[in-house]
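**Student:** Going letter by letter, the sequence shown gives residues 186 to 454 in our numbering.
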Amino acid sequence: MLKDITIGQYYKEDSLIHRLDPRVKLFAVLIYVITLFMHKSPATYVMSLLFLIIMIKISKVPVKYILRGLKAIAVILLFSVMINMLFIPGKPVIQFWIISISAEGIRTTIYLGSRLIMLVLGTSLLTFTTTPNELTDGLDKSLGFLNKVGVPVHEIAMMMSIALRFIPILTEELEKIMKAQTARGIDFESGGLLKRVKSMVPIIVPLFVAAIRRANDLAMAMESRCYHGGVGRSKLKPLKYEKRDKMAYIFLFVFLAAMIYLSFFSPWR
Numbered sequence: 186m187l188k189d190i191t192i193g194q195y196y197k198e199d200s201l202i203h204r205l206d207p208r209v210k211l212f213a214v215l216i217y218v219i220t221l222f223m224h225k226s227p228a229t230y231v232m233s234l235l236f237l238i239i240m241i242k243i244s245k246v247p248v249k250y251i252l253r254g255l256k257a258i259a260v261i262l263l264f265s266v267m268i269n270m271l272f273i274p275g276k277p278v279i280q281f282w283i284i285s286i287s288a289e290g291i292r293t294t295i296y297l298g299s300r301l302i303m304l305v306l307g308t309s310l311l312t313f314t315t316t317p318n319e320l321t322d323g324l325d326k327s328l329g330f331l332n333k334v335g336v337p338v339h340e341i342a343m344m345m346s347i348a349l350r351f352i353p354i355l356t357e358e359l360e361k362i363m364k365a366q367t368a369r370g371i372d373f374e375s376g377g378l379l380k381r382v383k384s385m386v387p388i389i390v391p392l393f394v395a396a397i398r399r400a401n402d403l404a405m406a407m408e409s410r411c412y413h414g415g416v417g418r419s420k421l422k423p424l425k426y427e428k429r430d431k432m433a434y435i436f437l438f439v440f441l442a443a444m445i446y447l448s449f450f451s452p453w454r
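(1) Relative to the C-alpha of residue 256, which candidate in 354, 301, 419, 439 has its C-alpha closest?
(2) Output the distance between the C-alpha atoms of residue 425 and residue 326, rounded to the nearest integer angstrom.
(3) Using a threshold of 9 Å, state whether the C-beta atoms of residue 388 and residue 306 are closer than that.
(4) Starting from residue 278 and walking both ways along the alpha helix (DSSP H), at which residues does that stretch end?
(5) Between residue 392 and the rest of its own chain, which residues show a CB-CB distance below 8 Å, the 5 nearest in sequence each way excluded?
(6) Taking the alpha-carbon positions, what's the residue 235 to residue 421 distance?
(7) Can you say whether residue 444 is buried or exposed, counting buried as having 16 or more other CB atoms within 10 angstroms of its CB?
(8) How would you call residue 207, buried or exposed, if buried means at least 16 neighbouring beta carbons within 10 angstroms?
(9) For the pair the stretch 309-321 and the stretch 218-233, tell me if three or more CB-CB distances fall below 8 Å.
(10) Ignoring anything shorter than 4 residues, give me the alpha helix (DSSP H) runs that lie fully in the stretch 187-275, in order along the chain.
(11) Just list the residues that DSSP pairs residue 287 with in beta bridges.
(12) Among 290, 331, 215, 283, whose alpha-carbon lies nearest the alpha-carbon of residue 274?
(13) Would you please state the rounded distance, in angstroms, between the beta carbons of residue 200 and residue 313? I believe it to be under 8 Å.
(14) List in chain order: all unbroken alpha helix (DSSP H) runs of 4+ residues lying wholly within the stretch 374-423.
(15) Have a look at residue 397 and residue 270 and give me their C-alpha separation to the nearest angstrom.
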């Protein structure tokens, strides 16, 4: 399960998506998330799925590697499916004792499940194709106008980047601790829910200590390099839009226009 957590991991590859300006990719994720909540018909879901498939194909990130991240949200997805199927009212199509499942519940479950899956895959593709440094620079540039109203954009972007970078690091640390505790005779797989919760106690303290140690090492490294925030800080590789970035913006606006049409004006909505 731990190796299935792919959030924050970067997949090194030479693809068009990898070479795009991080500001373009951030804008693409924003557009994609907005359009996911505009869905009102099967046509919009098909369009979003087609867009996602094209982006994955262009990124050259293996499909099995991307889909592996869905295992980490399997419990949340299953819980969402059960809640929607059992509690959304409507004309019942399945009736068993006090359990009633309506056609509206099934339809809503399919729509929400598809939306959640595409949301996770679409946003994960950002971290698969963008390094933490690029993500920080992209957020800093994209939200730079907020500096005028006193918002510390660079510091916020840096914190988000560090948090994303720490996810795979702490996941690896957790896996090492679990292997060490398993070698000492602790069983994490068998027993009831209460027993499994108790077996996690010997993991929490070492993981907490490891997280503090890693954070302290990072703070010392940043301090030794005289890091004092983004004020007056220059870039080794300043962001600059290329022709491919401008073409990507045009493609994104065309996609947004198509989704608006399918959602509000199309006869298939």
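Ideal Cβ positions, reconstructed from N, Cα and C, are used throughout, including at glycine.
**Tutor:** Short version:
(1) Looking only at 354, 301, 419, 439, the smallest Cα-Cα distance to residue 256 is reached by 301.
(2) Straight-line Cα distance between these residues: approximately 11 Å.
(3) For residue 388 and residue 306, no; Cβs fall outside 9 Å.
(4) First-last for residue 278: 277-281, but that is the beta strand (DSSP E), not the alpha helix (DSSP H).
(5) Excluding sequence neighbours, residue 392 sits near 355, 358, 359, 362.
(6) One Cα belongs to residue 235, the other to residue 421, and the distance between them is close to 37 Å.
(7) Residue 444 comes out buried.
(8) Burial call: buried.
(9) Remark: fewer than three beta-carbon pairs, one from each stretch, lie closer than 8 Å, so the stretch 309-321 and the stretch 218-233 are not flagged as touching.
(10) The qualifying runs are 201-204, 207-221, 227-244, 248-252, 259-272.
(11) Residue 287 is bridged by DSSP to 277.
(12) When only C-alpha atoms are compared, the closest one is 290.
(13) At roughly 10 Å, the Cβ-Cβ gap does not stay under 8 Å, so residue 200 and residue 313 are not in contact.
(14) Within the stretch 374-423, the complete alpha helix (DSSP H) segments at least 4 residues long are 378-384, 386-409, listed from N- to C-terminus.
(15) Going by the C-alpha atoms only, they are around 42 Å apart.
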